[in-house]
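Numbering (the numbering used here), first residue to last: 2 to 286. As structure tokens, the structure follows; a few thoughts come after it.
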């Protein structure tokens, strides 16, 4: 069986949407369609054509659900193009090159130390290694590894907290003159104790019982297909590890634990190893 490599695909201003089916000379149906936000830090949900049961992004397999849907996303520093292919379980079509829109990132000055004051460097490094290991283990037990039935990746997400945007995803941060890593989430300034809502359905994969050095009291939710949310600086959690949560359900409260200059929610999104912009998951406007 010959697999037609063409797909129903359109891009306008970084937005990705399905078009009418592309056809070969033999009038074969398109192999897949996509919708979403195709840019650095962005995402897309795909729908395979009839008989297509597998997908690959840059040669890495992507899970495809029984209805032929799949999810993919692009890191903040993603290159200009990616290769997407689908197959029928026996053959893989030649990959399509997908253009990923570049973005400009701002620089933010933060009035806080790069590392917690009063903590020796060796002690800080030891604690961070343990904390990062816990975060990695939580992600490893998520949807792709354990066959989670979480379906939040299919939903249009909602804001997890009210308040003004006080920190943008992707910004290069300078901590009192010392360059740090780029900001990996969206900051929402809200009063301490404000309820944090689940932006989409999911399963709690980490609920820290004591604050991490930087993240503070950390909560993580698996939304399925390798997509996870992280909620940082919480003052309290209202859910437990292993608990299923529904979109809009209160799951935590805003605080300023960890490295924070005031009460706010840092909401991070990640797909596999790609860090994503939460604003691109919310409705425009």
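For every residue, glycine included, the Cβ atom is placed at its ideal position computed from N, Cα and C.
By Cβ distance, which residues of its chain are closer than 7 Å to residue i, with the 5 residues on each side in sequence left out?
i           : result
residue 112 : 177, 262
residue 53  : 32, 33, 69, 87, 88, 89
residue 283 : 158, 160
residue 264 : 191, 192, 193, 255, 256, 257
residue 50  : 30, 31, 32, 33
residue 116 : 125
residue 98  : 82, 84
residue 142 : 206
residue 172 : 106, 107, 108, 109, 183, 184
For residue i, list the residues DSSP reports as bridge partners.
i           : result
residue 230 : 222, 270
residue 251 : 198
residue 275 : 272
Which residue marks the beginning of the alpha helix (DSSP H) containing residue i, and which one marks its end?
i           : result
residue 126 : 122–141
Return yes when the Cβ of residue j is within less than 8 Å of the Cβ of residue i, no when it is not.
i           : j           : result
residue 163 : residue 191 : yes
residue 183 : residue 77  : yes
residue 100 : residue 114 : no
residue 38  : residue 281 : yes
residue 279 : residue 272 : no
residue 74  : residue 44  : yes
residue 217 : residue 259 : yes
residue 131 : residue 174 : no
residue 64  : residue 226 : yes
Which residues bound the beta strand (DSSP E) around residue i?
i           : result
residue 47  : 44–49
residue 109 : 108–111
residue 293 : Examination of residue 293 is not possible in this model, given that the chain is present from 2 through 286 alone.
residue 57  : 55–58
residue 116 : Taken as a continuous stretch (DSSP letters only), residue 116 belongs to no beta strand (DSSP E), as it is neither H nor E.
residue 307 : The question about residue 307 has no answer here: the residues shown for the chain are numbered 2 through 286.
residue 179 : 179–183
residue 34  : 33–38
So the candidates are the options; which of them puts its Cα closest to the Cα of residue i?
i           : options            : result
residue 206 : 198, 214, 219, 215 : 219
residue 105 : 85, 115, 126, 79   : 79
residue 42  : 231, 225, 170      : 170
residue 61  : 67, 35, 49, 93     : 93
residue 35  : 129, 155, 125      : 155
residue 168 : 186, 47, 195, 91   : 186
residue 200 : 266, 174, 96       : 266
residue 91  : 56, 188, 75, 74    : 56
residue 242 : 98, 229, 139, 83   : 139
Less than 6 Å between C-beta atoms, sequence neighbours within five positions excluded: which residues of the same chain meet that for residue i?
i           : result
residue 238 : 208, 220, 253
residue 47  : 33, 35, 71
residue 203 : 151, 153, 222, 223, 224, 246
residue 188 : 167, 168, 265, 267
residue 249 : 198
residue 165 : 190
residue 2   : In this prediction, residue 2 has a pLDDT of 37, which is less than 50 and means its spatial position is unreliable; what the coordinates show is noted afterwards. Here the set comprises nothing.
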